[in-house]
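Asker: The structure's right below; bear with me while I get my questions together.
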Amino acid sequence: MSTKLRVLVPVKRVIDFAIKPIINKTQTGVETKGVKFSMNPFCDIALEESIRLKEKNKDLVELIHAVSIGPSKAQDVLRTALAKGADSTTLVDVGDEEVEPLTVAKMLKQMVERQNANLVILGKQAIDDDSNQTGQILAGLLNWPQATNASKVEVDGDFVSVTREVDGGANTLKAKLPMIITTDLRLNEPRYASLPNIMKAKKKPLEKLKPQDLGIELVKRLETVKVEAPAERPKGIMVGSVDELVSKLKERKAI
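Sequential numbering of the sequence shown, starting at 2, is according to the working numbering.
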């Protein structure tokens, strides 16, 4: 008999991917005032994959629990998760603190135990810091097998097969539950939440915790010294022929 899946899906609130970030005046990060926020795209893909697993076989997935570690405003991405198909949610309110991947993974380990989860599906990285570390650290803390950068996920009984795109082809890994999966962009295309479901999600309960409730202390090991934009690239020029191209390259001593 197949193991019932209890899926934990971490979701992060980030500046919307369509917005060009602007560095703040203190050069400690990007400007966040008056900026649109949304669910991290990789997290959205992880949530979508969890929902699709449940839609394929309702008897297979017992629970999809979304968790966000962030400020109180991160409730909005949890409401979105509920509107799309998550069964329940938890906000771990850390205020405006920037939480490092190790601390995030420690909190997620506690959430795995609280929810009795046997599968964690999370985005391979968040687009704000691009750390690409949390899933791997969590797997280490739990001593669970991991499959990263998933482009295809298949569940067969107590085993999960994950296909990853690699240079020159695809790599398929198979592991027994419980396990950790991180998602790549090619895994799926997330759905939009319908208006009726958005309205229903506003009335659903949302668990709120503090790091202390999980026995975790917020410790900062890294300090952002300075954030600055990359140097502007010189404008390109149009050339009318190969001879002109060669001439221009010689002028710039590129050849």
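All C-beta atoms in this analysis are idealised placements derived from N, C-alpha and C, irrespective of residue type, glycine included. From a predicted model like this one, the values you see are computed outputs, not experimental measurements.
#1: Rounded to a whole number of angstroms, what is the C-alpha to C-alpha distance between Leu79 and Lys107?
#2: If you run the structure through DSSP and keep just helix, strand and coil, what is Pro197?
#3: Kindly confirm or deny that the region 26–44 and the region 120–130 touch, where touching means at least three C-beta pairs closer than 8 Å.
#4: What distance in whole Å lies between the Cβ atoms of Ala84 and Ala67, which are believed to be in contact at a cut-off of 8 Å?
#5: Please classify Met2 as buried or exposed, where buried requires at least 16 other C-beta atoms within 10 Å of its C-beta.
#6: Using only alpha-carbon positions, find the residue among Glu218, Arg115, Lys110 that is nearest to Gln137.
#7: State the start and end residues of the unbroken alpha helix (DSSP H) segment that holds Lys153.
#8: When DSSP labels each residue in this structure, what does Ile65 get in the three-state scheme?
#9: Between the alpha carbons of Thr104 and Lys74, how many angstroms are there, rounded?
#10: Ile122: which of Thr164, Ala148, Glu99, Gly141 sits nearest, CA to CA?
#11: Report, in whole angstroms, the separation of the C-beta atoms of Thr33 and Ile16, which I expect to be a contact under 8 Å.
#12: Based on the DSSP secondary-structure assignment, which residues constitute the bridge partners of Pro102?
#13: Opposite Thr184 in the DSSP bridges: which residues?
#14: Would Ile70 and Val95 qualify as a contact pair, given that the criterion is a beta-carbon distance under 8 Å?
#15: Do Gly141 and Thr184 have their beta-carbon atoms positioned less than 8 Å apart in this structure?
#16: Out of curiosity, what's the CA-to-CA distance linking Val93 and Ala202?
#17: Do Glu208 and Thr90 come within 8 Å of each other at the CB atom, strictly closer than that value?
#18: To the nearest angstrom, how far is the alpha carbon of Ala151 from that of Leu186?
#19: For Ala171, write down the residues that DSSP places opposite it in a beta bridge.
#20: What is the residue span of the beta strand (DSSP E) that Arg7 lies within?
#21: Between which two residues does the alpha helix (DSSP H) carrying Phe43 extend?
Answerer: Taking the definition as stated:
#1: On the sequence shown, residue 79 is found 78 positions in, with the first residue counted as 1. On the sequence shown, residue 107 is found 106 positions in, with the first residue counted as 1. Cα-Cα distance, rounded: 20 Å.
#2: Position 196 of the sequence shown, counting from 1, holds the residue named residue 197. The answer is helix: DSSP assigns Pro197 an H, G or I state.
#3: yes
#4: Residue numbering aside, residue 67 sits at position 66 when the sequence shown is read from its first letter. Residue numbering aside, residue 84 sits at position 83 when the sequence shown is read from its first letter. Ala67 to Ala84, Cβ: 11 Å. No contact.
#5: Within the sequence shown, residue 2 is the residue found at index 1, counting from 1. Note on Met2: pLDDT 47, under 50, position unreliable in the model; the coordinate value appears next. Met2 is exposed by the Cβ-count criterion.
#6: By one-based count along the sequence shown, residue 137 stands at place 136. When only C-alpha atoms are compared, the closest one is Lys110.
#7: Taking the first residue of the sequence shown as position 1, residue 153 is located at position 152. Not the alpha helix (DSSP H): Lys153 falls in the beta strand (DSSP E), residues 147–157.
#8: Along the sequence shown, read from residue 1 onward, the residue named residue 65 stands at position 64. In this structure, Ile65 counts as strand in the three-state DSSP scheme.
#9: Here residue 104 corresponds to residue number 103 of the sequence shown, with the count starting at 1. Here residue 74 corresponds to residue number 73 of the sequence shown, with the count starting at 1. About 20 Å.
#10: On the sequence shown, residue 122 is found 121 positions in, with the first residue counted as 1. Nearest option by C-alpha distance: Ala148.
#11: Within the sequence shown, the letter at position 32 stands for residue 33. Within the sequence shown, the letter at position 15 stands for residue 16. With a Cβ gap of about 7 Å, Thr33 and Ile16 count as contacting.
#12: Residue 102 sits at position 101 when you count from the first residue of the sequence shown. For Pro102, which the question treats as bridged, DSSP gives no partner whatsoever.
#13: Here residue 184 refers to the residue found at position 183 of the sequence shown. Partner(s): Gly124, Ala151.
#14: In the sequence shown, counting from the first residue as 1, residue 70 sits at position 69. In the sequence shown, counting from the first residue as 1, residue 95 sits at position 94. Yes.
#15: Against the sequence shown, residue 184 aligns to sequence position 183. Against the sequence shown, residue 141 aligns to sequence position 140. No. Outside cutoff.
#16: As a first step, residue 93 must be located in the sequence shown, where it is residue number 92. As a first step, residue 202 must be located in the sequence shown, where it is residue number 201. Computed Cα separation, rounded: 18 Å.
#17: Looking up residue 90 in the sequence shown gives position 89. Looking up residue 208 in the sequence shown gives position 207. Yes; because the gap between Cβ atoms is below 8 Å, this pair is in contact.
#18: By one-based count along the sequence shown, residue 151 stands at place 150. By one-based count along the sequence shown, residue 186 stands at place 185. Approximately 8 Å between the Cα atoms of the pair.
#19: Within the sequence shown, the letter at position 170 stands for residue 171. Its beta-bridge partners are Glu166.
#20: What you label residue 7 is simply residue 6 of the sequence shown in a count that begins at 1. From DSSP, the beta strand (DSSP E) with Arg7 extends over 6–11.
#21: One-based indexing of the sequence shown puts residue 43 at position 42. Start and end: 42–57.
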